[in-house]
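Heads up, the sequence shown is in this note's numbering, so the first residue is 2 and it goes up one at a time.
A virtual CB, placed ideally from N, CA and C, is assigned to each residue, including glycine.
As structure tokens, the structure follows; a few thoughts come after it.
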Amino acid sequence: MKILVIGSGAREHAIAWKLAQSPRVREIIVAPGNAGTAREPRVRNAPVAVTDVDGLLALAHNEGVTLAVVGPEAALAAGVSDRFHATGIRCFGASRIAAQLESSKAFAKEFLVRRNIPTARHATFEDLELALAYVRRHGAPIVIKADGLAAGKGVVVALTQADAELALRDMLGAHSFGAASARVVIEEFLAGEEASYIVMSDGRNVLPLATSQDHKRRDEGDLGPNTGGMGAYSPAPVITPAVETRILEQIIRPTIAGMAAEGVPFIGFLYAGLMIDADGAPKVIEFNVRLGDPEAQPILMRLKTDLLDLIEDALDGRLDRSVASWDARPAIGVVVAAAGYPGKVRSGDVIDGLAVEPDPDVKVFHAATALDAQGRIVSAGGRVLTVCARGADIAAARDKAYAATAEIGFTGAFWRRDIGHRALDRR
Ligand code: AMP
Ligand code: GLY
């Protein structure tokens with residue numbers, strides 16, 4: 002069978018790499034893909050953008066694709082899944098309306114409140130003066146979020162009232178995120194440890210994936226600006242079996258049931274970004290309607306079950322009968338980023354050391370990479386690679402990932418040296 006994977010990040014490289022291991026897959030086309038997907042066995046790229054829905058449909062029809070798997074939220078929010086289904090091509094990814102769980106923070110918060118699902122208290126504002134008055138009344142720490150998609154960067158955790166006011170003036174006054182910040186959500190600050198909990202859903206049933214934890218800040222010690230994610234590992238020790246039961250019963254099942262009850266069945270990957278407090282009580286920070294990036298990379302490295310089987314079970318509405326089996330060994334992924342990330346980055350630098358990958362427990366997933374005129378692999382954006390490794394324990398996985406990372410070089414490359422520190426500290 003021929004599968005279309007939509008996206009171009011390390012997450013999509015991992016999805017394509019995993020699907021290509023299925024004995025039922027003949028070929029995978031990645032649109033638009035990157036230099037890593039281009040050289041993966043049984044995988045090739047097609048230069049179609051993730052939000053070019055007509056272009057993606059034409060590609061799928063011309064190539065005889067029978068299944069599409071969507072990576073990024075932008076494609077889902079553009080209605081890719083709806084359009085594919087309407088033309089008779091199966092597509093795993095949330096519908097445009099269901100994707101609002103991620104594309105509109107206001108929609109997500111209203112849904113959570115309506116369904117009694119634990120989350121931070123919040124209020125929504127379009128008016129700067131009213132928002133400022135609210136912040137003055139509630140004080141800091143407090144969290145300010147642009148309502149629309151801002152690539153993970155529209156969130157300010159304000160530790161002081163002055164920071165909160167500055168953020169509001171920036172978003173509602175100066176419109177620094179354009180339409181995405183015409184409306185802001187102001188939230189209660191949640192204390193605790195963050196974790197990512199991702200499931201596959203067929204609209205009714207859920208199949209939990211292995212737990213994971215991301216490092217969202219750019220700098221070591223979880224400092225510096227927010228990013229799309231600088232590294233991740235799986236499993237997340239903070240999610241004990243008891244905490245996992247609470248997550249499933251208090252958050253995941255009510256979300257899937259609530260969406261179905263409201264006429265918007267959720268079919269796809271559902272990612273709950275959670276804060277787990279000192280008592281092990283989970284609260285939703287955000288939903289994503291897709292796999293996390295970089296979480297998907299270590300998660301898929303641990304998945305032993307055929308991903309195609311699981312996706313087909315989800316599309317057939319029989320995830321209640323599916324089982325995913327996991328490599329017991331932890332996996333870790335270190336993001337190698339280009340100088341300037343998460344701001345304006347330099348690109349076009351030749352990446353050395355990509356040939357070394359002899360260890361079956363090491364895998365380099367590409368994100369922003371491209372081939373230059375001489376056929377060399379060059380950097381082409383902010384997050385360039387995710388270097389992943391499995392190990393007997395989290396320390397062994399980390400050592401292996403960092404040893405592989407040290408082999409790779411391009412001008413201005415940087416990465417955090419403390420990926421996995423929470424899991425390591427817990428031992
Ligand atoms: P979001 O884009 O909503 O996931 O927020 C980005 C990051 O901001 C999260 O990963 C958290 O680290 C932090 N954050 C968001 N909301 C809250 C909150 N209510 N309390 C504490 N931290 C938060
Ligand atoms: N790593 C967080 C995300 O994918 O949004």
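- For residue 71, the enclosing beta strand (DSSP E) begins and ends at 68-71.
- Here the alpha carbon of residue 30 sits roughly 22 Å from the alpha carbon of residue 300.
- Sixteen is the threshold: since fewer than 16 other Cβ atoms of the shown chains lie within 10 Å of the Cβ of residue 226, the residue is exposed.
- Relative to ligand 1, residue 146 has its C-beta within less than 7 Å of a heavy atom.
- Not a single heavy atom of ligand 2 lies less than 7 Å from the C-beta of residue 13.
- The beta carbons of residue 67 and residue 90 sit closer together than 8 Å.
- Inter-segment contact for the stretch 51-65 and the stretch 247-266 is absent: fewer than three beta-carbon pairs are separated by less than 8 Å.
- The criterion of a C-beta distance shorter than 8 Å is not satisfied by residue 333 and residue 393.
- Between residue 92 and residue 104, the C-beta spacing is not below 8 Å.
- Residue pairing by DSSP puts residue 410 in a beta bridge opposite 353.
- In the DSSP annotation of this structure, residue 392 is not part of any alpha helix (DSSP H), being labelled neither H nor E.
- Between the stretch 280-298 and the stretch 320-329 there are fewer than three inter-stretch CB-CB distances shorter than 8 Å, so the stretches are not counted as touching.
- The secondary-structure analysis by DSSP pairs residue 283 across a beta bridge with 277.
- Residues 145, 157, 159 of the same chain have their beta carbon placed closer than 7 Å to that of residue 168, with the five preceding and five following residues left out of the count.
- In this structure, the beta-carbon distance from residue 398 to residue 295 does not fall below 8 Å.
- For residue 115, the enclosing alpha helix (DSSP H) has its first and last residue at 106-115.
- Beyond the five residues adjoining it in sequence on each side, residue 48 comes within less than 8 Å, by CB distance, of 32, 33 in the same chain, given in chain order.
- In the three-state reduction of the DSSP assignment, residue 35 falls in the coil class.
- With 16 or more other CB atoms across the displayed protein chains lying within 10 angstroms of its CB, residue 58 is buried.
- Closest by C-alpha distance to residue 208, out of 214, 239, 267, is 267.
- Cβ contact annotation for residue 406 (same chain, cutoff 7 Å, sequence separation greater than five): 335, 337, 388, 416, in chain order.
- Between the alpha carbons of residue 95 and residue 109 lies a distance of about 14 Å.
- With the rule of 3 Cβ pairs closer than 8 Å, the stretch 199-219 counts as touching the stretch 306-316.
- With respect to residue 73, residue 44 sits apart: the two C-beta atoms are not nearer than 8 Å.
- Taking 7 Å as the cut-off, one finds no heavy atom of ligand 1 near enough to the beta carbon of residue 273.
- Rounded to the nearest whole angstrom, the C-alpha separation of residue 161 and residue 187 is 14 Å.
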